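Novice:
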Amino acid sequence: MKKVLALVLAVIMVCTMAMAVTVVNPFDPSTGSSSSPYDVITPGTVLAFNLTDLLDNTNGQAYPVNSDNEIQTDKIKVTVSYGKGAELIAGAKWILKDGGDKKVAADYQYQITLKEDALRIANDKVLDLSITKMVVKAYGSTANEFVFDGDPKNSPKIEYAVGYGSDEYVLGSEGTTINLNDYETVYTAVAGEKDGKAITTETLTEKLDSGNKYDVAAWTLKVGQKFKVADLATAKGYLVKADFQTKYNYDPAKLVDGIANPINTTAAVTKTGVKDTYKVYAVGNDGKVVAVPFTVEDGVMTFTAPANSIVGIYNGSLKNVSAPAASGTTGTTTNPG
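The opening position of the sequence shown corresponds to residue -14 in our numbering, with each subsequent residue numbered one higher.
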């Protein structure tokens, strides 16, 4: 059976303690413009199709259920045909909405998730992803076919440009700043000029959380380098969760100092006045804690802070940590544990 389907696009946005979902209709004429033939979605976006739209339970297409009357989505097969961009897809599966009822069809979605790609720049005049057809078949029922060709008798086209916005960062320019709250822009470092000479590299510094002027993190940017700011709210949120603290034996009172590195490049960190019991750990938005190799010479610690992570100098040892991150440090005394 050929069906017409209105797609709901769910853009997953991460917040500190929970996942917030903003739902928009990409086929609303107000979302496009004559100068922008394709709507832009970002890497990591989720395309969400409601089960109730994919199968018509009132027209003889019964949802397969188990003995408890719970819907068995593993018996609903979905075949997706891509006109372009299949390589951009990370995966696709049925999901039960947060707090959903396993017996309620409206609480299920088939979600197609795009791969993450922090440095992908979008061109809204270039087609990156298109879905041309979906075939949905529940066990014991006839299949539904959805053709996304824009024909009035079928479904609207599903076509997108994929990526982030772009901007330039002028090296050495006092008027150029990095907006640490802008998570949708890929910056490209370009040469600045001072006293008639080209500036091709720049080092940005930031004090650690303690505020000591000698305890700093430094990022070095070079001409042609692309970088993007990540939202680390989820990583920060893990630190206050009881289950996280129990799993890793993390005591906030033992956190000596730290730095957030939201940029997708490493930072060189210096910490003075350290003790033999200090260790360095990093956590990202995936919630995993990794041990960061460090060097101590005459009471001064140096290490490389991983990109897109919260890095902490801790008085003690955590448990269940992942393998050490790449060090990038040199010295006489290194302790990654």
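We put the beta carbon where it would ideally sit given N, CA and C, even for glycine. This structure is a prediction, so every number in the text was calculated from the model and none was measured.
Go to ASP228, then tell me how far its alpha helix (DSSP H) extends in each direction, as first and last residue.
Specialist: Residues 227 to 233.
Novice: Mapping the DSSP letters down to three states, classify ASP24 as helix, strand or coil.
Specialist: Correct three-state label for ASP24: strand.
Novice: Would you call the CB atoms of VAL268 and ILE248 closer than 8 Å?
Specialist: Going by C-beta atoms, VAL268 is not nearer than 8 Å to ILE248.
Novice: Check whether the Cβ atoms of SER158 and GLY177 lie closer than 8 Å to each other.
Specialist: yes
Novice: When the distance is taken between beta carbons, is VAL241 closer than 8 Å to ALA276?
Specialist: no
Novice: Would you check if there are 3 or more beta carbon pairs closer than 8 Å linking the stretch 88 to 107 to the stretch 130 to 144?
Specialist: no
Novice: Give every residue of the same chain whose Cβ lies closer than 8 Å to the Cβ of ASP13, excluding the five residues on either side of it in the sequence, and list them in chain order.
Specialist: Low local confidence applies: a pLDDT of 41 at ASP13 is under 50, so the model's placement there is unreliable, with the coordinate-based value given in what follows. Correct list: empty, nothing qualifies.
Novice: ASN129 to GLY148, Cα distance in whole Å?
Specialist: 31 Å
Novice: Which complete beta strand (DSSP E) runs does the stretch 259 to 303 hold, if anything under 3 residues is left out?
Specialist: You should have 263 to 268, 274 to 276, 279 to 282, 285 to 290, 294 to 300.
Novice: Spatial neighbours of LYS69 within its chain, please: C-beta separation below 8 Å, excluding the five flanking residues on both sides.
Specialist: LEU112, ASP113, LEU114, SER115
Novice: In angstroms, rounded to a whole number, what distance separates the CA positions of VAL281 and ALA215?
Specialist: 29 Å
Novice: With C-beta atoms as the reference, is THR185 less than 8 Å away from LEU156?
Specialist: yes
Novice: Which residue comes first and which comes last in the beta strand (DSSP E) that contains LEU39?
Specialist: Per DSSP, LEU39 belongs to no beta strand (DSSP E); it is in the alpha helix (DSSP H), 36 to 39.
Novice: Need the endpoints of the alpha helix (DSSP H) that TYR223 sits in, please.
Specialist: Boundaries of the alpha helix (DSSP H) harbouring TYR223: 218 to 223, taken from the DSSP string.
Novice: Report buried or exposed for LYS256, applying the criterion of at least 16 other Cβ atoms within 10 angstroms of its Cβ.
Specialist: buried
Novice: Within 10 Å of its beta-carbon, does ASN293 have 16 or more other beta-carbons around it, so buried, or fewer, so exposed?
Specialist: buried
Novice: Would you list, in sequence order, the uninterrupted beta strand (DSSP E) runs of no fewer than 3 residues that lie entirely inside the stretch 170 to 200?
Specialist: 170 to 175, 177 to 179, 182 to 184, 186 to 192
Novice: Within the continuous beta strand (DSSP E) that includes TYR93, where are the two ends?
Specialist: First-last of the beta strand (DSSP E) with TYR93: 93 to 99.
Novice: So, using beta-carbon positions, are THR170 and LYS213 closer together than 8 Å?
Specialist: yes
Novice: Cα separation between THR30 and GLN96?
Specialist: Between the C-alpha atoms of THR30 and GLN96 there is a straight-line separation of about 10 Å.
Novice: Write down the C-beta distance between GLY297 and TYR263 rounded to the nearest angstrom, noting that I regard them as a contact closer than 8 Å.
Specialist: That belief does not hold up - the Cβ atoms of GLY297 and TYR263 are roughly 10 Å apart, past 8 Å.
Novice: Output the distance between the C-alpha atoms of ASN234 and THR98, rounded to the nearest integer angstrom.
Specialist: 33 Å
Novice: Which same chain residues, not among the five before or five after TYR67, have their C-beta less than 8 Å away from its C-beta?
Specialist: Cβ neighbours of TYR67 within its own chain (closer than 8 Å, five residues either side excluded): ILE74, LEU114, SER115, ILE116, THR117.
Novice: Please classify THR27 as buried or exposed, where buried requires at least 16 neighbouring CB atoms within 10 angstroms.
Specialist: buried
Novice: Specify, as a first and last residue, the run of the beta strand (DSSP E) that GLU153 falls within.
Specialist: 150 to 155
Novice: Quick test of your reading: ASP109 and VAL25, contact by CB under 8 Å. State the CB separation rounded to the nearest angstrom.
Specialist: Sure, about 5 Å apart at Cβ, within 8 Å.
Novice: Can you give me the C-alpha to C-alpha distance between LEU165 and THR250, rounded to a whole angstrom?
Specialist: 14 Å
Novice: For ASP271 and ALA220, I'd like the C-alpha separation in whole angstroms.
Specialist: ALA220 has its alpha-carbon roughly 7 Å from the corresponding atom of ASP271.
Novice: Considering only C-alpha positions, which residue in the set ILE56, PHE34, GLU153, ALA71 is nearest to LYS211?
Specialist: The shortest C-alpha separation from LYS211 is found at GLU153.
Novice: Measure the C-alpha to C-alpha separation of THR127 and ALA33 and round it to an integer number of angstroms.
Specialist: 22 Å
Novice: LEU104 to SER52, Cα distance in whole Å?
Specialist: 48 Å
Novice: What does a CB cutoff of less than 7 Å around THR37 pick up in its chain, not counting 5 residues either side in sequence?
Specialist: ALA90, ALA91
Novice: Quick test of your reading: ILE244 and ALA202, contact by CB under 8 Å. State the CB separation rounded to the nearest angstrom.
Specialist: Contact annotation, ILE244 with ALA202: C-beta distance approximately 5 Å; criterion of less than 8 Å satisfied.
Novice: From this set, LYS304, GLY209, THR173, which residue's C-alpha is nearest GLN230's C-alpha?
Specialist: LYS304
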